[in-house]
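Enquirer: Using UniProt numbering, the final residue of the sequence shown is 162, and nothing's skipped along the way. Where a beta carbon is used, it is the ideal one built from N, C-alpha and C, also for glycine.
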Amino acid sequence: MKTELTTLLPALRRFAYSLTGSMPDADDLVQNTLLRILKSPPPEDVPLVKWAFKICRNQWIDDYRSQKVRTLATAKPELQAENYSDGEADIINDITLGEVNQAMNSLSDEQREVLSLIAVQGMSYSEAADILAIPTGTIMSRLARARANMVSFFKQPNGSMA
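1) So does the segment 39 to 58 actually touch the segment 138 to 149, counting three or more Cβ pairs closer than 8 Å?
2) Ser108: buried (16+ other C-beta within 10 angstroms of its C-beta) or exposed?
3) Just to confirm my understanding: we take Asn32, look at its own chain, exclude 5 residues before and 5 after, and list those with CB closer than 8 Å. What are they?
4) Taking C-alpha atoms, which residue in Leu8, Ala16 and Pro41 lies nearest to Glu113?
5) Can you look up Val46 in the DSSP assignment and give me helix, strand or coil?
6) Distance check for Gly122 and Gln156, CA to CA, integer angstroms please.
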């Protein structure tokens, strides 16, 4: 299993980055995913690749929900820092990768997941359908909408979705 995980790690890291949009967050997500895989290995009839991507996606959903709760709890004015600037994000946004990130983040979670699995990870429609536990037709329609939304994003003068 160690060899399989080592081979799978770069693809899992790319998937995590496509979900989070941040390398530090992606690394945390991959670490949490690996911990969960090591605690609970896949059933014998499930390939490690499918198990890892499913665990990663579920971990991201859990993290997203808990972050949302924390954000609401800290939204009080006395807890907010004024003039906060994230230098790394400023630099990334100045390059094309930052624009792609913005476009990916403007997609719905479902579209971003499908686009990431197929376009970034190079999975087939059926592999993505297995990982997300949805029909292949749904994968194809979400992918088509995601691609159309990405094109629309880059056609807008201010780089926002229509």
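Expert: So, from the data block:
1) Verdict: no, contact absent.
2) Taking the sequence shown and counting its residues from 1, one reaches residue 108 at position 108. Ser108 is exposed by the Cβ-count criterion.
3) As a working note, residue 32 is residue 32 in the sequence shown. Result list for Asn32: Gln59 and Asp63, in chain order.
4) On the sequence shown, position 113 is the one that residue 113 refers to. In terms of Cα proximity to Glu113, the closest of Leu8, Ala16 and Pro41 is Ala16.
5) Translated into positions along the sequence shown, residue 46 becomes position 46. Per DSSP, reduced to three states, the secondary structure at Val46 is coil, with no helix or strand assignment.
6) Here residue 156 is taken as the residue at index 156 of the sequence shown, counted from 1. Here residue 122 is taken as the residue at index 122 of the sequence shown, counted from 1. When the Cα atoms are used, Gln156 and Gly122 turn out to be separated by approximately 28 Å.
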